[in-house]
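Taking it in order: structure first as structure tokens, then the write-up.
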Amino acid sequence: MVVLDLFVSRYVYFMTVVLLAIGLYGMLGKRNLLKKLISMNIFQTAIFLFFIEGATKRGGSVPVVDELIGIEAAKYINPLPHVLILTGIVVGLSLTGVALAFLLVLYRAYKTLDDRAIMANMKENLE
Amino acid sequence: MVWQLDFWLLVILIVTAVIALSLKDLLAAVAALSAYSFFVALLFSQMGAIDVAFVEATLGAGISGVLFIVALFLTRRRSED
Amino acid sequence: MRWLNLFIMLLFAVLMLYATTGLPGHADPQAPANTHVSPTYIEDTIKDTHTPNVVTSVLADYRGYDTLGETVVIFTAGLACVLILMKRKGNDKTTLSKHHRSDHM
Amino acid sequence: MIKQHYQSIIVQTICSLLIPFIQLFALYVIFHGHYGPGGGFQGGVLLAVSIILQRLYLGIKISHQKFSPRLAMAFAAVGLLIYGLAGIIPMIFGGSFLDYGNLPLFWVHDAERRALGILIVEIGIGLGVFGTLVLIFDNLVGERW
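Protein chains in written order, with the working numbering: chain A, -10 to 116; chain B, 292 to 372; chain C, 2 to 106; chain D, 700 to 844.
Here's what the structure looks like:
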């Protein structure tokens, strides 16, 4: 019963942890560099979900102040994590752009995107 | 705040993430990532964060997919794992 | 190697699941994140800035310094993209030549 | 990759009809950000989407003649400059950095002055995001410019 109660009050956190674990596994275990980038996006989005979940309030409305609802703070959702995540998404996309640029440079130099092949090629060039 | 909708959207998110990581065709994986971003935007708007949902739907499901596909056409489409 | 990755993932997931038991519950109005500074923002936004959308007023007015740094970051990312990818075709005629200029809308 | 026209009259007509409406909606999103969902980031992204759609259906060569990447870089820099000036001008008139209450608009109310300052800053953010995203796309495609 305690476990069910815990699950009902925290299921969003649990699912977010599952998404984080999937993203971490992709970043560590997948060998293609573009797959690593995709799993980095999944990891990032799971963190955004965690923040937005922390901002919700029971009985709260969307954070646009309306005359009919009034200006009490208890009737609106916390807007501060929304601002942080709004800027975080845009920074995440520019990060993806720079990462794709590096990926193109790597592909032109080594003709592959497999990280072990790239590492072996680098070792050969060193010796 | 309908909790059943929340719960099933999260289940769809996990399934889509697993699909995006397990496909060997990278173009299909990017399409799955775009679908993932769109479901995340739906979940944001369901949690009340409308601005974040707007920017996620335009950036994550729109431009991010375009950038990935451009990089994909200039490199290789198949992946080994 | 594959089993090591699975082990790291499971260890991470168990640690995070343990950490979630100390967080406030779903949609708790008395959570510390909801009671610190955000009530001030919500109640003062009409009086201070005449802007009903609280996200916009916090983004551009109360925390404008943060957003300035953010804009600098994305501009730097664009410049970094230019600097990384311009380098590869620099041997023949330079990419910033004048006779290729065609920027009338 | 994308060098010629897209060979379909339906796609060309629909896209050329769609682009002005996307740009109009982007301007609406930027200027209506005070009262609803929207703001500089979303509007800038929508402007960038319109230019990228034009790049896709018209081909890179012709689209570069219509909107040059150098112009996109200038837009990004001008957006950042607008934001910086909105921070520095209140310092000249006796306020602190980014304090829009001290902008030199003496004929409006104090809170209304802050709303105008927010609008100026949103326009700067929109131009900056627009220029940066178009610039990233152009450099990834790799056409000479």
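Each residue gets a CB set at the ideal place from its N, CA and C atoms; glycine is no exception.
To which residues does DSSP link residue i through a beta bridge?
{"i": "Ser762 of chain D", "result": "Partner(s): none; Ser762 of chain D has no beta bridge."}
{"i": "Asn67 of chain A", "result": "Beta-bridge pairing links Asn67 of chain A to no other residue."}
{"i": "Arg369 of chain B", "result": "B:Asp316"}
{"i": "Ser50 of chain A", "result": "A:Tyr65"}
{"i": "Asp103 of chain A", "result": "A:Asn21"}
Tell me, please, whether the CB atom of residue i is closer than 7 Å to any CB atom in chain A?
{"i": "Asp93 of chain C", "result": "Low confidence applies here, because Asp93 of chain C scores a pLDDT of 47, under 50, leaving its location unreliable; read the following figure in that light. For Asp93 of chain C, the answer is no, since every Cβ of chain A falls outside 7 Å of its Cβ."}
{"i": "Arg102 of chain C", "result": "Only weak support exists for where Arg102 of chain C lies, its pLDDT of 41 falling under 50; the value from the coordinates is given anyway. Closer than 7 Å: no."}
{"i": "Ala335 of chain B", "result": "Per the sequence shown, the amino acid found at residue 335 of chain B is Phe instead of Ala. Judged by the 7 Å Cβ criterion, Phe335 of chain B is in contact with chain A."}
{"i": "Pro33 of chain C", "result": "no"}
{"i": "Gly26 of chain C", "result": "yes"}
{"i": "Val73 of chain C", "result": "no"}
{"i": "Phe740 of chain D", "result": "yes"}
{"i": "Ile835 of chain D", "result": "yes"}
Pull up the CB-CB distance for residue i and residue j, whole angstroms please, since I reckon it's below 8 Å.
{"i": "Val53 of chain A", "j": "Gly735 of chain D", "result": "7 Å"}
{"i": "Arg3 of chain C", "j": "Gly15 of chain A", "result": "Their Cβ separation, rounded to whole angstroms, is 13 Å, which puts Arg3 of chain C and Gly15 of chain A out of contact at 8 Å."}
{"i": "Phe724 of chain D", "j": "Leu752 of chain D", "result": "Wrong, their Cβ atoms sit about 13 Å apart, outside the cutoff."}
{"i": "Ala747 of chain D", "j": "Ile354 of chain B", "result": "7 Å"}
{"i": "Ile60 of chain A", "j": "Gly339 of chain B", "result": "With a Cβ gap of about 17 Å, Ile60 of chain A and Gly339 of chain B do not count as contacting."}
{"i": "Val343 of chain B", "j": "His71 of chain A", "result": "5 Å"}
{"i": "Ala61 of chain C", "j": "Ile817 of chain D", "result": "4 Å"}
{"i": "Leu8 of chain A", "j": "Phe13 of chain C", "result": "Contact flag wrong, Cβ pair sits at about 12 Å."}
{"i": "Ile75 of chain C", "j": "Ser83 of chain A", "result": "5 Å"}
{"i": "Lys46 of chain A", "j": "Asn35 of chain C", "result": "6 Å"}
{"i": "Ile759 of chain D", "j": "Val840 of chain D", "result": "6 Å"}
{"i": "Val55 of chain C", "j": "Pro68 of chain A", "result": "4 Å"}
{"i": "Ala78 of chain C", "j": "Gly86 of chain A", "result": "6 Å"}
Of all the CB atoms in chain B, is at least one closer than 7 Å to the CB of residue i?
{"i": "Val56 of chain C", "result": "yes"}
{"i": "Gly15 of chain A", "result": "yes"}
{"i": "Met29 of chain A", "result": "no"}
{"i": "Phe829 of chain D", "result": "no"}
Just reading off the alpha helix (DSSP H) that residue i is part of, what are its end residues?
{"i": "Glu42 of chain A", "result": "Leu22 to Ala44"}
{"i": "Asn54 of chain C", "result": "Premise fails: Asn54 of chain C is in no alpha helix (DSSP H) and is neither H nor E."}
{"i": "Gly793 of chain D", "result": "Neither: Gly793 of chain D is in no alpha helix (DSSP H) and is coded neither H nor E."}
{"i": "Asn801 of chain D", "result": "Per DSSP, Asn801 of chain D belongs to no alpha helix (DSSP H) and is neither H nor E."}
{"i": "Ile721 of chain D", "result": "Ile708 to Phe730"}
{"i": "Met2 of chain C", "result": "Here Met2 of chain C belongs to no alpha helix (DSSP H), and DSSP marks it neither H nor E."}
{"i": "Arg754 of chain D", "result": "Gly739 to Leu757"}
{"i": "Glu347 of chain B", "result": "Per DSSP, Glu347 of chain B belongs to no alpha helix (DSSP H) and is neither H nor E."}
{"i": "Pro33 of chain C", "result": "Pro33 to Thr36"}
{"i": "Val83 of chain C", "result": "Gly65 to Leu86"}
{"i": "Pro40 of chain C", "result": "Ser39 to Thr50"}
{"i": "Glu821 of chain D", "result": "Asp809 to Val840"}
With a cut-off of 7 Å, does the C-beta of residue i fall near any C-beta of chain D?
{"i": "Met17 of chain C", "result": "no"}
{"i": "Ala80 of chain A", "result": "Here residue 80 of chain A is Val; the residue named in the question, Ala, does not match the sequence. Closer than 7 Å: no."}
{"i": "Gly49 of chain A", "result": "no"}
{"i": "Thr77 of chain C", "result": "no"}
{"i": "Ala81 of chain C", "result": "no"}
Determine whether the Cβ of residue i lies closer than 7 Å to any Cβ atom of chain C.
{"i": "Asp372 of chain B", "result": "no"}
{"i": "Leu26 of chain A", "result": "no"}
{"i": "Gly846 of chain D", "result": "No information on residue 846 of chain D is available, as it lies outside the stretch 700 to 844 that chain D covers here."}
{"i": "Tyr727 of chain D", "result": "no"}
{"i": "Val87 of chain A", "result": "yes"}
{"i": "Lys112 of chain A", "result": "no"}
- Query: Listed from N- to C-terminal order along the chain, which residues in the segment 321 to 351 of chain B have their beta-carbon within a distance smaller than 8 Å of any beta-carbon of chain A?
  - Reply: Flagged, chain order: Val321, Leu324, Tyr327, Ser328, Val331, Leu334, Phe335, Met338, Gly339, Ala340, Ile341, Asp342, Val343, Val346, Glu347, Leu350 and Gly351.
- Taking a cut of 8 Å between CB atoms, which residues from the segment 352 to 369 of chain B lie near chain D? For the segment 352 to 369 of chain B, the set of positions with a beta-carbon nearer than 8 Å to some beta-carbon of chain D reads Gly353, Ile354, Val357, Leu358, Val361, Ala362, Phe364 and Leu365 in chain order.
- Interfacial residues, the segment 89 to 106 of chain A to chain B, with Cβ spacing under 7 Å: Listed in sequence order: Leu89, Leu92, Leu93, Tyr96, Leu102 and Asp103.
- Query: Name the residues in the segment 796 to 817 of chain D whose C-beta lies less than 7 Å from a C-beta of chain B; which are they?
  - Reply: Residues: none.
- Task: Taking only beta carbons into account, state which residues of the segment 753 to 768 of chain D come closer than 9 Å to chain B, listed in chain order.
- Result: Under the 9 Å Cβ criterion, the segment 753 to 768 of chain D contributes Leu755.
- Item | Residues of the segment 50 to 76 of chain A with Cβ closer than 7 Å to any Cβ of chain B, in chain order | Listed in sequence order: Val51, Ile66, His71, Ile74 and Leu75.
- Determine which residues of the segment 296 to 320 of chain B have a Cβ less than 8 Å from any Cβ of chain A, and write them out in chain order. Within the segment 296 to 320 of chain B, the residues whose Cβ lies closer than 8 Å to some Cβ of chain A are Asp297, Phe298, Leu301, Val302, Leu304, Ile305, Ala308, Val309, Ala311, Leu312, Leu317 and Ala320, listed in chain order.
- Listed in chain order, which residues of the segment -7 to 5 of chain A have Cβ atoms closer than 9 Å to some Cβ of chain C? Going along the segment -7 to 5 of chain A in chain order, one finds Leu(-5), Val(-3), Ser(-2), Arg(-1), Tyr0, Val1, Tyr2, Phe3 and Thr5 with a Cβ nearer than 9 Å to chain C.
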